[in-house]
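Since the structure comes first, as structure tokens, the remarks are kept for the end.
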Amino acid sequence: MHCSIKKHPTKSNTWIPSHTLPSFQSTGFYDWRLIDDASKHEVMKGRFVVLPKNTRNHNYYEIPSDLEIAHRQDSKTATSSTLSLVHSMLPSLKEKGVDVLSFAIPPAHSTQPLIQTDTEEIGLRMSSVDSSPLETNSENEGISLADSKASLLFPSDHYFFGTDAEFQSLYKELKRLDMDVMIPIIPNYSFNGEDVVYYYDMGVLKVHPGTDGKETQWENETLPNYRLKSTWDWYILQIISLIRKYQITYFYLQDCQSLPILLETDYSNVSGDAELLDLIHGKTVVANEECGYWNCDAALASGYSNPFLVKLTRKIAEIEPTCLLCGSAYWGRSQHILQCGVVPFCDDLLKSLCLLNGTDLNKSGFVERT
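Just so it is clear: in the sequence shown, position 338 is 358 by the working numbering, and no numbers are missing.
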């Protein structure tokens, strides 16, 4: 579409379209360029990122996924699970104007799923998707869209958060009240033990724990190798599976400010063809030493979009155009996340309020004295 521009009638330094632009028909990315008619040179360019309708009007309420733990010592308030407790809170939340209920992952991530079938034991550990390798399909960029065994949340171990039936009941009531639920997606799992990265600790090769790539790591998680396309597909398939199984359309990308989590390759122990191949694949890394997109000044300064997040948002939009992706945005990375179609959740206001009281809000959500 071509459109000329004109000067704003009251603001001399502002240019506006000469006629009203039509509404965007669907979510996605719409690039634009400003061309000088005389020289045909590009004067300016940019991108419209179109999010699902009414995104700015949502009123979110975050629920700790270990909420029920605080009630267990009092037998009068204890319920059978966190999900049933949240179910009882819905009328009150609705009165407060909440329309999206967001489950928050506790600081200590775990591979223990929130949702289990009625017959599964509490201590059973499951991955978020089926452990078999992904099928390939050229029409879907190598991502198999077949249904898989998707679990919902992965909070602290040894706590019972609810059954699949309880979640279905909760979700049914949410829809009746014209509310919705946001589910977090954790990046530090691997569906295949061969597709994790390693690091040397005192000369011993160990599997690298789950990490945000910079500050925090979780010993009960493993870091998948985000240099592999299969890992990108695995991450996307988690969301697709939950959309198809539960019709969920709101997701929170944990540690979105680090995705894809790439660590510096360890060049110090390379000898022989096999290890050289591992080097190429980035299988052995320097512990918690971030690299890749977020360390590429040229890409960040020039506004180059994060290829992982763009692939993710485009693929999800193809499957469910109304799906809204939100994500954590620490370390001043919110603008780079937003330009990829993910709504950044920032803690700037909370941190400012904490500083006024001589405290600091760390990345795990704890308030500390400064």
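For every residue, glycine included, the Cβ atom is placed at its ideal position computed from N, Cα and C.
- The DSSP assignment places 249–266 as complete runs of the alpha helix (DSSP H) inside the segment 236–287, in order along the chain (cut-off: 4 residues).
- For the pair VAL224 and VAL216, the CB atoms are not nearer than the 7 Å cut-off.
- Taking PRO37 as the centre and dropping the five residues before and after it, the same chain places the C-beta of CYS23, ILE25 closer than 7 Å to its C-beta, in chain order.
- Assigned with DSSP and collapsed to three states, VAL227 falls in strand.
- Taking every protein chain shown into account, the CB of GLN355 has fewer than 16 other CB atoms within 10 angstroms, so this residue is exposed.
- One Cα belongs to ILE263, the other to TRP35, and the distance between them is close to 42 Å.
- The C-beta distance from LYS114 to MET199 rounds to 7 Å, short enough to fall under 8 Å.
- Judged by DSSP secondary structure, SER354 falls within the alpha helix (DSSP H) whose first and last residues are 354–358.
- By the Cβ test, the segment 306–319 is in contact with the segment 228–236, since at least three Cβ pairs between them sit closer than 8 Å.
- In terms of Cα proximity to LEU190, the closest of SER104, TRP254, GLN267 is SER104.
- If you check the CB distance, LEU329 and CYS360 come in under 7 Å.
- Nearest in C-alpha terms to GLU284, of all of LEU273, ASN245, LYS249, is ASN245.
- Bounds of the beta strand (DSSP E) holding VAL63 are 62–70.
- In the structure shown, SER108 falls within a helical segment according to DSSP collapsed to helix, strand and coil.
- The C-beta separation of ILE268 from VAL201 comes to about 6 Å, placing the pair in contact by the 8 Å criterion.
- By the neighbour-count criterion, in which 16 or more other beta carbons inside 10 Å mark a residue as buried, TRP314 falls on the buried side.
- Using a 10 angstroms sphere on the CB of LYS335, the tally of other CB atoms reaches 16 or more, which defines it as buried.
- Using a Cβ distance threshold of 7 Å, VAL106 and TYR81 do not count as a contacting pair.
- Looking at the DSSP output, ILE83 bridges to PHE123.
- In this structure PRO204 is buried. Its beta-carbon is surrounded by 16 or more other beta-carbon atoms within 10 angstroms.
- For PRO341, the secondary structure class from DSSP, reduced to helix, strand or coil, is coil.
- Distance between GLY182 and GLN188, taken at the CA atoms: about 10 Å.
- The DSSP-derived three-state label of PHE328 is helix.
- Counted as a single uninterrupted DSSP element, the beta strand (DSSP E) harbouring ALA307 occupies residues 305–310.
- Taking C-beta atoms as the reference points, ILE256 and ILE339 fail to come closer than 7 Å.
- CYS374 sits in a helix when the DSSP states are folded into three classes.
- In the structure shown, ASP184 adopts helical secondary structure according to DSSP, grouped into three states.
- In the DSSP assignment, LEU54 falls within the beta strand (DSSP E) that extends over 48–55.
- Judged by DSSP secondary structure, ASP221 falls within the beta strand (DSSP E) whose first and last residues are 218–221.
- Going by C-alpha positions, ARG196 is about 26 Å away from THR47.
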